[in-house]
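K.L.:
Per the working numbering, the sequence shown starts with residue 3, numbered consecutively.
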Amino acid sequence: MTIADDSPPDGPIAVEVKGLTKTFGSLTAVDGLDMVVPEGVIYGFLGSNGSGKTTTIRMMCGLLTPDGGEGRTLGYDIFTDGPQIKQRVGYMTQRFSLYEELSVRENLDFMARMYGVTDRRARLAEILEEYGLEKRAEQIAGTLSGGWKQRLALAAAMLHKPKLLLLDEPTAGVDPAARRDFWDRIRGMTRKGVTVLVSTHYMDEAVQCDHICFILNGRKLIDAPAADVPRLSGLHTMRIEGSNLAALADELNGQFGVEQVARFGDALHISGLDAQALEQAVAPYRSREGVKVLERPTGLEEVFIHFIDKATKDAAARDAAKEEAA
Ligand SMILES: Nc1ncnc2c1ncn2[C@@H]1O[C@H](COP(=O)(O)OP(=O)(O)OP(=O)(O)O)[C@@H](O)[C@H]1O
Ligand SMILES: [Mg+2]
């Protein structure tokens with residue numbers, strides 16, 4: 003039950019992995035993953051905690067050796083060409099990985115040396131200006147706010163002008179204004195031809211991506227252009243507004259044609275795969291006083307809820323079958 007758009011991309015490819023697998027002891031963290039990241043896109047890499055995003059990104063960077071599969075990043079083999087890949091990609095780790103006790107300038111200078119940036123002084127001045135960090139250049143990194151730390155980390159990842167940026171949950175714990183600024187920067191970069199792979203938990207960020215890859219327990223559930231995901235999911239959605247939504251949700255849950263009932267602010271979003279059955283389920287509410295039933299295009303969020311739910315149920319059914327067989 004994977005939604006995938008299997009048509010090969012028209013243009014050049016930044017990252018391609020096939021059958022990528024990584025195990026830690028008895029845990030298969032990444033399980034036969036196929037991914038193609040076309041050049042120049044914002045590629046959203048989604049999945050709940052522990053689904054294997056960081057492990058996958060580290061393998062793409064040549065920082066972690068896979069146990070199976072194959073892959074190329076910017077044309078370099080992820081098994082053998084780690085050093086070449088590291089020189090060419092910008093990687094922003096999930097946790098702040100710069101030196102907390104060094105100043106902003108010292109951190110950037112250190113990174114510039116690591117990457118062997120030529121004309122370091124000029125590049126540093128340029129990047130400090132580009133990221134609005136001049137006034138904070140002498141500030142100790144550990145004393146920066148979350149948003150400024152994130153901006154510094156992004157500046158550091160861009161010092162050597164990589165063609166590919168791998169961003170691992172870059173906006174976690176950052177306030178909405180800083181997140182907006184961050185996404186503006188990301189979009190600006192892709193306009194200049196940089197490819198960006200970004201992992202996130204935020205659904206409003208998923209909407210900003212050109213392409214979505216959604217994984218759960220190391221396996222791919224969705225892999226398609228973001229705009230196509232709702233249609234490919236086959237889900238239909240209705241929105242119900244009214245008071246006492248909790249009671250309404252209880253009534254609707256489990257009804258024929260209703261696959262899921264999700265609360266969105268002051269409304270319920272009811273989704274199902276069979277449009278007719280869904281309409282029949284919500285029809286009685288159309289005439290109920292104080293309740294409004296509206297058509298609504300299915301959004302990414304409904305699709306994600308549906309897939310996580312379905313995968314969880316599938317896994318439970320598998321476990322139950324295993325227990326029965328034992
Ligand atoms: N070095 C390791 N040793 C043992 N288990 C690991 C190791 N690294 C990751 N794992 C496990 O592999 C699974 C995938 O982890 P990973 O960090 O890739 O997930 P993630 O999608 O990045 O999660 P999060 O959203 O929390 O960052 C998890 O169950 C994790 O505990
Ligand atoms: Mg992670």
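Just so it is clear, CB atoms sit at the ideal spot from N, CA and C, and this is done for glycine as well.
Report the rounded CA-to-CA distance for V106 versus R138, giving the unit in angstroms.
P.N.:
7 Å
K.L.:
Using the Cβ count rule (16 or more neighbours within 10 Å means buried), how would you classify N109?
P.N.:
buried
K.L.:
Going by beta carbon distance, what residues of the same chain come within less than 8 Å of A114, once the five residues before and after it are set aside?
P.N.:
So the list reads R122, R125, L126, L161, H162, once near-sequence residues are dropped.
K.L.:
Assuming G52 contacts L65 under a Cβ cut-off of 8 Å, what Cβ separation, rounded to an integer in Å, is found between them?
P.N.:
About 19 Å separates the two Cβ atoms, so there is no contact after all.
K.L.:
Run the CB neighbour count on F1, radius 10 Å, all protein chains shown included, and call it buried at 16 or more, exposed below.
P.N.:
Absent from the model: residue 1. The displayed extent of the chain is 3 to 328, so no value can be given.
K.L.:
Rank N246, G149, E171 by C-alpha distance to the C-alpha of P333 and give the top, closest one.
P.N.:
Residue 333 is absent from the model: the chain starts at 3 and stops at 328.
K.L.:
Cβ of Q152 within 7 Å of any heavy atom in ligand 2?
P.N.:
no
K.L.:
L169 and V196 look like a contact to me (Cβ under 8 Å); what is the Cβ gap, rounded to whole Å?
P.N.:
Not a contact, Cβ separation roughly 11 Å.
K.L.:
First and last residue of the beta strand (DSSP E) that includes D311?
P.N.:
Counting along the chain, D311 falls outside any beta strand (DSSP E), though it belongs to the alpha helix (DSSP H) covering 302-327.
K.L.:
Assess, as a yes-or-no matter, whether the stretch 302-318 is touched by the stretch 198-214 under the definition of 3 or more beta carbon pairs within less than 8 Å.
P.N.:
yes
K.L.:
What is the DSSP secondary structure of S235, counted as helix, strand or coil?
P.N.:
When DSSP states are grouped into helix, strand and coil, S235 belongs to the helix group.
K.L.:
How would you write the range of the beta strand (DSSP E) that Q262 sits in, first residue to last?
P.N.:
262-266
K.L.:
If you reduce the DSSP assignment to three classes, tell me which class K88 lands in.
P.N.:
helix
K.L.:
Please determine whether the Cβ atom of S28 lies at a distance below 7 Å from any heavy atom of ligand 1.
P.N.:
no
K.L.:
Taking only three categories from DSSP, how would you classify I80?
P.N.:
Judged by DSSP in its simplified three-state form, I80 adopts coil rather than helix or strand.
K.L.:
From what residue to what residue does the beta strand (DSSP E) around Y101 run?
P.N.:
No beta strand (DSSP E) holds Y101; DSSP gives it neither H nor E.
K.L.:
What are the boundary residues of the beta strand (DSSP E) that includes R298?
P.N.:
293-298
K.L.:
On the three-pair Cβ rule with 8 Å, is the stretch 285-300 touching the stretch 231-240?
P.N.:
Output reads yes: the stretch 231-240 touches the stretch 285-300.
K.L.:
Smallest Cα separation from K20: which of G13, L154, D33, A283?
P.N.:
D33
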